[in-house]
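According to our numbering, the sequence shown is numbered sequentially starting from 8.
We put the CB at the ideal spot given by N, CA and C, even for glycine.
Keep in mind it's a predicted model, so treat the numbers as computed, not measured.
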Amino acid sequence: MTARGLIVSAPRSGAGKTTVTLGLLAALARRGLAVRAAKSGPDYIDPPFHAAATGAPACNLDSWAMPPALLDALVADAARAADVLVIEGAMGLFDGVPVPGRTGAAADLAARFDLPVVLVLDVSGQSQSAAAIMRGFAAHDPAVRIGGVILNRVGSERHRHLVVDSIARLGVPVVGAVTRDNTLTLPERHLGLVQAGEHADLAARLARLAEMAERQLDLDAILALASPPRLHGVGAQLALAPPGQRIALASDAAFSFVYAHVIEGWRRAGAEVATFSPLADEPPPDSCDVCWLPGGYPELYADRLAAASRFRAVLARFAETRPVHGECGGYMVLGRSLEDAAGVTHPMAGLLGHATSFVKKRMQLGYREARLMATNPIGAAGEVVRGHEFHYATVVSPGDDAPLADLCDGQNRPLGPAGSRRGRVTGTFFHAIARA
């Protein structure tokens, strides 16, 4: 079975594509279809919502960070397991870094896999001008096919008619019109939506979104637009080599930023992944030969992590003989201390020498290419790994540890050495996605 697929995107962030996507996914799943979803670009938060809406695993697809063969393998895996594959874009359809064919934008995926784009157009504050926006998107790149448009935040029936009539002249079908309803909006935090696991009423929210989609989207027309992805010759692809045979993975509300394709790749390569919860004061299992602390929101739980004495003591003993690595939030926890937004300083593991703070938040955002200076759980010395940074923490005291990697940004501009390594302990704000 090969799924028919489409991409849901928008002219910009904030147009409502996640709300529309979740409603579409949940409504299609209600029909009894096997639905799989993916998120374009580096995003930890939306895929768990996609998985909750479809009842199936979701993944990320990133044309900048992932080699083409890995993209092909991930799309092929998803398409084999579904009737419908829905890919949600990030930011605007064409937004990314100016690297031809590797922008990281959803448009790259539309062109590579020959998938139609359903554009979510926020029409609040405009009517006929929406047609001008649609004309530009439809003509911008001949390799990107705009299959249809969903109008969002429609103010009235008269408003809907004005927009639909103006777009009809372009020959792009309007396949939905969603009225303005602030109660459908999901709450946000500084990195995006509040995580799926934090919503006790997530099933009820998804049911409301499904009902919205059934009323206000033309589901049959949307399904008719979908087409099988143009698949290339693919085989098994490994994003990152397993850092050990048995991997201890921190997993709870403070450590939840993990890419599904990385974990699944480790398992397919024969590694075992054993999860534990630092918030519950659980240590890494002694049977494991490496420990990985992923990103998340440790700043929201800094007092509980500081009080997790068993976790910290056993982690220190673990690090005497086995590698320990921390990404972003995990990197903060491996440092000396973490100062929360209220200015309270909490002691952390102290296995690396830096200290971080959220008092003066400064956003660090962008793609990163890392050339590793020493062998560590991300990869071997000299290897190049692609990923991204997205955090608000600042390093208030760097410590004297050796750096872990030389970084460049998405346009190959040098950013200098970054991260830390001391003995068998390593960490960095950089989130690894795949080997270059």
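- Query: Can the beta-carbon of Ala112 be found closer than 8 Å to that of Arg152?
  - Reply: As a working mapping, residue 112 is identified with position 105 in the sequence shown. As a working mapping, residue 152 is identified with position 145 in the sequence shown. Result no, Cβ atoms of Ala112 and Arg152 do not sit closer than 8 Å.
- Whole angstroms is fine: what's the gap from Phe318's alpha carbon to Trp273's? Counting from 1 along the sequence shown, the entry for residue 318 is found at position 311. Counting from 1 along the sequence shown, the entry for residue 273 is found at position 266. Phe318 and Trp273: Cα-Cα distance of roughly 24 Å.
- Which first and last residues belong to the alpha helix (DSSP H) in which Leu358 is found? Along the sequence shown, read from residue 1 onward, the residue named residue 358 stands at position 351. Taken as a continuous stretch (DSSP letters only), Leu358 belongs to no alpha helix (DSSP H), as it is neither H nor E.
- For the candidate residues Tyr308, Ser263, Ile52, Leu307, whose alpha-carbon lies nearest to that of Trp299? Against the sequence shown, residue 299 aligns to sequence position 292. Taking only the C-alpha atoms, the option nearest Trp299 is Ser263.
- Task: Sort Ser70, Ala59, Leu32 by Cα distance to His395 and report the nearest one.
- Result: Position 388 of the sequence shown, counting from 1, holds the residue named residue 395. Selected option, being the one with the closest Cα: Ser70.
- Query: Do the segment 14-24 and the segment 89-103 meet, that is, are 3 or more Cβ pairs less than 8 Å apart?
  - Reply: yes
- Go through its chain and collect everything with a Cβ distance to Ala220's Cβ below 6 Å, but skip five positions before and after it. Within the sequence shown, numbered from 1, the residue matching residue 220 stands at position 213. Gly30, Leu31, Ala34, listed in sequence order.
- When the Cα atoms are used, what is the spatial distance from Val181 to Asp53? Against the sequence shown, residue 181 aligns to sequence position 174. Against the sequence shown, residue 53 aligns to sequence position 46. Distance between the alpha carbons of Val181 and Asp53 is about 25 Å.
- Query: Excluding the five sequence neighbours on either side, which residues of its own chain have a C-beta within less than 6 Å of the C-beta of Ala228, listed in chain order?
  - Reply: Mapped onto the sequence shown, residue 228 falls at position 221. Val182, listed in sequence order.
- Message: Using a 10 Å radius around the Cβ and a threshold of 16 neighbouring Cβ atoms, would you call Met370 buried or exposed?
- Response: Taking the first residue of the sequence shown as position 1, residue 370 is located at position 363. Exposed.
- Message: Given a cut-off of 8 Å on the beta-carbon distance, is the pair Gln451 and Ala139 in contact?
- Response: Here the chain has residues from 8 to 443 only, and residue 451 is not among them.
- Query: So what's Val170 in DSSP terms, helix, strand or just coil?
  - Reply: For this step, residue 170 is matched to residue 163 along the sequence shown. Reduced to three states, the DSSP call for Val170 is helix.
- Message: Per DSSP, what are the beta-bridge partners of His398 in this structure?
- Response: Taking the first residue of the sequence shown as position 1, residue 398 is located at position 391. His398 is bridged to Gln371.
- With a threshold of 16 other CB atoms inside 10 Å of the CB of Gly178, please say whether the residue is buried or exposed. Translated into positions along the sequence shown, residue 178 becomes position 171. Counting Cβ neighbours within 10 Å, Gly178 comes out exposed, since fewer than 16 surround it.
- Can you tell me the Cα-Cα spacing of Leu345 and Leu359, whole angstroms? Counted from its first residue, the sequence shown places residue 345 at position 338. Counted from its first residue, the sequence shown places residue 359 at position 352. Each residue's alpha carbon lies about 12 Å from the other.
- Message: I need the straight-line Cα distance from Leu120 to Pro105, nearest angstrom please.
- Response: The residue labelled residue 120 in the question sits at position 113 within the sequence shown. The residue labelled residue 105 in the question sits at position 98 within the sequence shown. Here the sequence assigns Phe to residue 120, which means Leu is not the residue at that position. When rounded, the distance between both Cα atoms is 20 Å.
- Message: Checking the sheet assignment: what are the DSSP bridge partners for Gly183?
- Response: Here residue 183 is taken as the residue at index 176 of the sequence shown, counted from 1. Answer is Ile157, Leu224.
- Sorry if obvious, but does the Cβ on Arg275 come closer than 7 Å to a heavy atom of the ligand COA? Among the components of this structure there are no ligands whatsoever, and the ligand COA is therefore not found.
- Task: With Ala76 as the anchor, note down where its alpha helix (DSSP H) starts and where it stops.
- Result: The residue given as residue 76 occupies position 69 in the sequence shown. Counting along the chain, the alpha helix (DSSP H) containing Ala76 begins and ends at 75-87.
- C-alpha distance - Ala80 paired with Ala388, whole-angstrom precision: The residue given as residue 80 occupies position 73 in the sequence shown. The residue given as residue 388 occupies position 381 in the sequence shown. When rounded, the distance between both Cα atoms is 27 Å.
- Message: Can you list, in chain order, the residues of its chain with a C-beta nearer than 6 Å to that of Val185? Leave out the 5 residues immediately preceding and following it.
- Response: Mapped onto the sequence shown, residue 185 falls at position 178. For Val185, where only same-chain residues beyond five positions count, the Cβ hits under 6 Å are Asn159, Gln223.
- Query: Is Leu312 helix, strand or coil by DSSP?
  - Reply: Taking the first residue of the sequence shown as position 1, residue 312 is located at position 305. It is helical.
- Message: So Pro74 and Ala441 are supposed to be a Cβ contact under 8 Å. How far apart are they, rounded?
- Response: By 1-based counting over the sequence shown, the position of residue 74 is 67. By 1-based counting over the sequence shown, the position of residue 441 is 434. With a Cβ gap of about 6 Å, Pro74 and Ala441 count as contacting.
- Can you tell which of Pro49, Tyr338, Thr401 has its C-alpha closest to the C-alpha of Lys368? Working through the sequence shown from its first residue, we reach residue 368 at position 361. Ranking Pro49, Tyr338, Thr401 by Cα distance to Lys368 puts Thr401 first.
- Message: In chain order, what are the residue ranges of uninterrupted alpha helix (DSSP H) at least 4 long that sit wholly in the segment 116-164?
- Response: 136-147
- Message: Starting from Gly337, trace the alpha helix (DSSP H) in both directions and tell me its first and last residue.
- Response: Along the sequence shown, read from residue 1 onward, the residue named residue 337 stands at position 330. Note, Gly337: alpha helix (DSSP H), 336-341.
- Of the residues Gly342, Ser404, Leu213, Gly155, which one's Cα is nearest the Cα of Ala175? As a first step, residue 175 is located in the sequence shown; it is residue number 168 there, counting from the start. The candidate whose alpha carbon is nearest that of Ala175 is Gly155.
- Can you tell which of Val91, Thr26, Gly23, Phe56 has the C-alpha that lies nearest to the C-alpha of Gly12? As a working mapping, residue 12 is identified with position 5 in the sequence shown. Cα-wise, what sits closest to Gly12 is Val91.
- Message: Helix, strand or coil, according to DSSP, for Glu218 in the structure here?
- Response: The count along the sequence shown starts at 1 and reaches residue 218 at position 211. Helix, per DSSP.
- Message: Let me check understanding here. Comparing Cα to Cα, which of Lys46, Tyr374, His353 lies closest to Ser364?
- Response: What you label residue 364 is simply residue 357 of the sequence shown in a count that begins at 1. Measuring from the Cα of Ser364, the nearest candidate turns out to be His353.
- Around the C-beta of Ser427, are 16 or more other C-beta atoms found within 10 angstroms, so that it is buried, or is it exposed? Looking up residue 427 in the sequence shown gives position 420. Counting Cβ neighbours within 10 Å, Ser427 comes out buried, since at least 16 surround it.
- Message: Do Phe325 and Pro285 have their beta-carbon atoms positioned less than 8 Å apart in this structure?
- Response: As a working note, residue 285 is residue 278 in the sequence shown. As a working note, residue 325 is residue 318 in the sequence shown. No, the pair does not count as a contact, with Cβ atoms beyond the cut-off.
- Message: Would you call the segment 375-394 in contact with the segment 418-435, where contact means no fewer than 3 C-beta pairs closer than 8 Å?
- Response: yes
- Starting from the C-beta of Ser173, find all residues in its chain whose C-beta is less than 6 Å away, skip the five residues before and the five after it, and write them out in chain order. Counted from its first residue, the sequence shown places residue 173 at position 166. So the list reads Gln135, Ala138, once near-sequence residues are dropped.
- Residue burial classification, Ser163 (beta-carbon count within 10 angstroms, cutoff 16): On the sequence shown, position 156 is the one that residue 163 refers to. Flag for Ser163 reads exposed.
- Message: So for Thr435, helix, strand or coil by DSSP?
- Response: For the purposes of this step, residue 435 is identified with residue 428 of the sequence shown, where counting begins at 1. Strand at Thr435.
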